[in-house]
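The sequence shown begins at 812 in the working numbering and counts up by one. By construction, the Cβ of each residue, glycine as well, lies at the ideal position given by its N, Cα and C atoms. One structure below.
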Amino acid sequence: MPSYSPVYSSQFIVYTPAAPNTEFLVPAGFTAVIREIDYYQEAGSSTMVVSVQDSEDAPVATFAALNLTGTINSDQWTGRVPVPAGGTIELYGVSIGTGFTAVVSGYLLRNNLT
812 MPSYSPVYSS QFIVYTPAAP NTEFLVPAGF TAVIREIDYY QEAGSSTMVV SVQDSEDAPV
872 ATFAALNLTG TINSDQWTGR VPVPAGGTIE LYGVSIGTGF TAVVSGYLLR NNLT
């Protein structure tokens with residue numbers, strides 16, 4: 812009889828000026844599903860891109876490019892993008908305003924139930 816793992820939301824990337832985390836490698840035995848991207852800036856102009864790469868040799872696929880201009884504003888992307896084990900999720904700030912923060916979140920699903 813298989814056992815089942817509960818599904819919890821997970822933050823894959825949390826970017827702040829103090830901790831500029833920009834990449835998440837999906838661990839062996841799991842599939843990541845990106846569900847949401849949230850970002851905020853205090854002032855200026857920001858362009859943020861999120862991309863995935865299924866493996867080190869695979870092409871990079873950009874699926875979200877979000878722009879902010881002005882003061883105290885935010886944007887959000889919601890969807891479903893699966894990334895297999897060994898794949899990479901990357902956040903890239905093309906231009907970053909003042910007080911820029913971003914979170915890429917979703918589910919980390921176990922591939923095999925034991």
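- Contact between the region 871-879 and the region 854-861 is present, with at least three C-beta pairs closer than 8 Å.
- Within the region 871-919, the complete beta strand (DSSP E) segments of 3 residues or longer fall at 872-894, 899-906, listed in chain order.
- With at least 16 other beta carbons inside 10 angstroms of its own, Gly898 counts as buried.
- When the Cα atoms are used, Val871 and Val894 turn out to be separated by approximately 12 Å.
- Judged by DSSP in its simplified three-state form, Tyr851 adopts strand.
- Sequence-distant Cβ neighbours of Phe911 in its own chain, meaning closer than 6 Å and more than five residues away, are Gln852, Ser857.
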